[in-house]
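Colleague: Under the working numbering, the sequence shown has 500 at position 497, and the numbering climbs by one with no breaks.
No residue lacks a Cβ here, since even glycine has one placed at the ideal position from N, Cα and C.
Note that the structure is a prediction, hence the values are computed from the model and not measured.
One structure, as structure tokens, below. Some questions next.
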Amino acid sequence: MPTKKAPLYKIVFRNIFRRIENIIFSLKEKISERQFLYFSAVVVAISCSLAVILLKNFAHSVFVFANYVNTYLKLPYINSLLPIIGILLTVFVVKHLLDGSIEKGSSKILYAVAKKGGIVPKKQMYAQIVTSSLTVGLGGSAGLESPIVITGAAFGSNFSQRYHLSQKDRILLLACGVAAGIGAAFNAPIAGVLFAIEVVLADVTISAFIPIMISAATGALVSTVVLNEDVLLSFKQQQVFDYHNIPYYILLGILAGLVSVFHARNFRRVEHYFQKKKSKIYNKALFGASILALMIFFFPTLFGEGYESIKTLSTKNPGALLENTLLDNHKSNEWILLIFVGVTMLLKSFATGLTLGSGGNGGNFAPSLFVGSYLGFFVAKFFDLIGINNHLPVANFTIVGMAGILSGLFHAPLTAIFLIGEITGGYNLMVPLMIVSSISFAVSKRFEKHSMDVKPLADKGDVFTSDKDKNILLKIDVLKLIQTNYQTLSVENSLEKVVEIFASTSQKVIPIVDEKRNLLGVIEFQHVKSFIFNPYRVKFTTIKEILTQPEVILQFDDGMEKIMNSFDKTNHEVLPLVKDGKYFGCLSKLDILENYRTNFKEMVIE
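Structural data, given as structure tokens:
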């Protein structure tokens, strides 16, 4: 049968792509390795910036459309319906176009760095764009930044794989993609660099800053040239810092830390509820989206990223927030506005949890800014209304509050400080930003050792932390070290067989198993060497008599930190490992230490 000819546009696109690839390969051969890395940082940044522009424009257009319709309906009906449609469409795309799975959250980047050598699946270059635009663009109460940084990381990872770069450069380009994504999303290149350093890379040297800075600057530049300023989160109205307000900023920092813990824990509760819920994916999506729709009906500012409402809060007319809501007639009542803002702030964690738990895609970066701005407004307005201090700059508190929650949730105070500093167009608020961010970080750290993205992975030992020794252990691939070729025996075997194995192999442990591969115990050379070469005792001793139970039996899914603790606790050189209750192999402490030494030499990015 004749083969079907590809459409003309596909042939043209394929030819153009091949020519570009040939040019890049040719360039790689002609310039130095370092120069090619700089070039790669620019290419990755441009690719990521285009994805940001696509996502941001789509989400903003849907928001404008929804508000246009609401102007005529006078009630947020359309705002309630769109998220249901968006989440159901997202579930449909994931099930039928993305093989039924998609990696959500920036934690997946951390996992890729810690456990996969910076390798991110190729489909993440487009999967995040499609699914998050449907979810958040149509009103899901989440942010686009997490999908953006995953997309950027995927571009960096796959570019380095395509052009055969080393693992060090692959992880570095992954971080470049992340920096470009943040830089483009907020037109904040410094924040992009700091986010990549604080959150993604656990260990980095000064030389690694240059490619990351190039990517972040490129991303911000492309965003500035192409993206409409209305789409970006930016502020023009702010007042200078008054040192008399320091006590109130300290209070805001404490509250920001506590609210960060509240947000993180409730978000996880909602998400875990849906993970455990045993029902069909469409039923689950409809259930969660319907609850979200009901919340948006009463609190329309929960719709989408919420950046427009953040801008509204920082203006001289924050009452506009209540327009096209059930409280429209009370928008001049400041107490009602304050209660509305406070309740919405507390509900945001549940709304985001419903959005992501029911099947939508997005992140917690934008929600953290949303909650922070609402908290800052609430604190300043509250003291104004009760008459204690009616001179607090509400706009400043609204802006600084964002840094507090961002620092508390992600444990990234430097990113929080410089992000807000950049999007406000200056650094007049640097002192209160530093006060609020550092206090919030300290309070949050007191209750949550790890940030909300890192915590579930750190609990499993699947992500880098500030502990460098632990990070090196995490890089060790346990599966490659498990010795599955150890000779095993059954209790029916004679002791002569034990002598033969110890004499002819380097085994120091012999696992004893039954016919179903259940581990019955082990025979250790150190335990039996005193009589094993005595012919009389060998002849009249059975395996059952010398069989011992190991102090610890390793599990197949144990993390490396737990495995090393087991070795330290028992002082054994070799421990047996089981999978699904069956004997699988043995693990040697010496093999782990040798691998540790190798990884130690490669740990720091140069």
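What separation, rounded to the nearest whole angstrom, lies between the Cα atoms of Asp-583 and Leu-522?
Modeller: Asp-583 and Leu-522: Cα-Cα distance of roughly 11 angstroms.
Colleague: Look at Val-501 and Ile-526 and say whether their C-beta atoms are less than 8 angstroms apart.
Modeller: Cβ atoms of Val-501 and Ile-526: closer than 8 angstroms.
Colleague: Return the chain-ordered list of same chain residues with a C-beta closer than 7 angstroms to the C-beta of Ala-187, the five sequence neighbours on each side being excluded.
Modeller: Hits under 7 angstroms: Cys-51, Ser-52, Val-55, Gly-222, Ala-223, Val-225, Ser-226.
Colleague: How about Gly-291 and Leu-357: are their beta carbons less than 8 angstroms apart?
Modeller: Yes, these two residues count as a Cβ contact at 8 angstroms.
Colleague: Return the first residue and the last residue of the beta strand (DSSP E) that Pro-579 is part of.
Modeller: Where Pro-579 is concerned, the enclosing beta strand (DSSP E) stretches over 577-582.
Colleague: Rounded to whole angstroms, what is the Cα-Cα separation between Met-437 and Leu-255?
Modeller: Rounded to the nearest angstrom, the two C-alpha atoms are 12 angstroms apart.
Colleague: For Val-507, count neighbouring C-beta atoms within 10 Å of its own C-beta (all shown protein chains included) and say buried if the count is 16 or more, exposed if not.
Modeller: This sequence places Ser at residue 507; Val is not what is there. Answer is exposed; the Cβ neighbour count stays below 16.
Colleague: How would you write the range of the alpha helix (DSSP H) that Gly-155 sits in, first residue to last?
Modeller: Element bounds for Gly-155: 148-165.
Colleague: Taking the DSSP output, what are the residues bridged to Glu-527?
Modeller: Paired residues: Val-512.
Colleague: With the cut-off set at 8 angstroms, would you say Ala-194 and Phe-421 are in Cβ contact?
Modeller: Going by C-beta atoms, Ala-194 is nearer than 8 angstroms to Phe-421.
Colleague: Is Ala-443 near Ser-263, with beta carbons less than 8 angstroms apart?
Modeller: It is Ser, not Ala, that sits at residue 443 in the sequence shown. Result yes, Cβ atoms of Ser-443 and Ser-263 sit closer than 8 angstroms.
Colleague: Can at least three beta-carbon pairs, one atom from the region 86-104 and one from the region 136-155, be found at a separation below 8 angstroms?
Modeller: These segments touch.
Colleague: Go ahead and pull the three-state DSSP assignment for Thr-328.
Modeller: Coil, per DSSP.
Colleague: Which stretch, first to last residue, makes up the alpha helix (DSSP H) that contains Leu-357?
Modeller: Per DSSP, Leu-357 belongs to the alpha helix (DSSP H) from 337-360.
Colleague: Using a Cβ-Cβ cut-off of 7 angstroms (strictly less than) and excluding sequence neighbours within five positions of Met-4, which residues of its own chain qualify?
Modeller: Note that Met-4 scores a pLDDT of 45, beneath 50, so its modelled location is shaky; the value from the coordinates is reported in the next line. The answer is none, since no qualifying residue turns up.
Colleague: Lys-351 and Val-374: beta carbons closer than 8 angstroms?
Modeller: Yes. Within cutoff.
Colleague: So, under 8 angstroms CB-CB, Pro-150 and Cys-179 are touching, yes? Tell me the CB distance rounded to an integer number of Å.
Modeller: Contact doesn't hold; Cβ gap of about 17 angstroms is too wide.
Colleague: Could you give the residue range of the alpha helix (DSSP H) that holds Gly-186?
Modeller: Element bounds for Gly-186: 170-189.
Colleague: So what does Lys-547 bridge to, in DSSP terms?
Modeller: In the DSSP output, where bridge partners are listed per residue, Lys-547 has none listed.
Colleague: Just to confirm before moving on: does the CB-CB distance between Gly-407 and Ser-361 stay below 8 angstroms?
Modeller: Going by C-beta atoms, Gly-407 is not nearer than 8 angstroms to Ser-361.
Colleague: Please state whether the Cβ-Cβ distance between Val-494 and Ile-513 is less than 8 angstroms.
Modeller: No.
Colleague: Within a Cβ cutoff of 8 angstroms, which residues of the same chain sit near Leu-324, ignoring the five residues on either side of it in sequence?
Modeller: Excluding positions up to five away in sequence, the list reads Thr-304, Ser-312, Thr-315, Leu-316, Lys-334, Leu-340, Phe-343, Val-344.
Colleague: Does the region 151-158 come within contact of the region 121-137, defined as at least 3 CB pairs closer than 8 angstroms?
Modeller: With a cut-off of 8 angstroms, the region 121-137 and the region 151-158 count as touching, because enough Cβ pairs lie within range.
Colleague: Which of helix, strand or coil does DSSP assign to Ser-497?
Modeller: Three-state DSSP puts Ser-497 in a strand.
Colleague: Please check the pair Ser-83 and Ile-299, which I expect to be a contact at CB under 8 angstroms, by giving their CB distance rounded to whole angstroms.
Modeller: Rounded, the Cβ-Cβ distance is 5 angstroms, consistent with contact.
Colleague: Just to confirm, are Glu-326 and Lys-384 a CB contact at a threshold of 8 angstroms?
Modeller: Cβ atoms of Glu-326 and Lys-384: not closer than 8 angstroms.
Colleague: Check the DSSP bridge columns for Gly-588 and list the partner residues they point to.
Modeller: Answer is Leu-580, bridged to Gly-588.
Colleague: Report yes if the C-beta distance between Ile-546 and Leu-498 is below 8 angstroms; otherwise report no.
Modeller: Yes, the Cβ-Cβ distance between Ile-546 and Leu-498 is below 8 angstroms.
Colleague: What is the DSSP secondary structure of Gln-552, counted as helix, strand or coil?
Modeller: It is coil, neither helix nor strand.
Colleague: Look up Gln-486 in the DSSP assignment and give the residues it is bridged to.
Modeller: Cys-589, per the DSSP bridge assignment.
Colleague: Spatial neighbours of Asn-190 within its chain, please: CB distance less than 6 angstroms, with the 5 preceding and 5 following residues excluded, ordered by chain position.
Modeller: Closer than 6 angstroms at the Cβ level, and outside the excluded window around Asn-190, lie Ala-223, Ser-226, Thr-227, Leu-235.
Colleague: With DSSP run on the structure shown, which of helix, strand or coil describes Met-4?
Modeller: Per-residue confidence for Met-4 stands at a pLDDT of 45, beneath the threshold of 50, marking its modelled position as unreliable; the derived number appears in the next sentence. The answer is coil: DSSP assigns Met-4 none of H, G, I, E or B.
Colleague: Taking the continuous alpha helix (DSSP H) assigned at Val-225, which residues delimit it?
Modeller: Per DSSP, Val-225 belongs to the alpha helix (DSSP H) from 212-229.
Colleague: In whole angstroms, what is the alpha-carbon distance linking Lys-118 and Arg-173?
Modeller: So the alpha carbons of these two residues sit roughly 13 angstroms apart.
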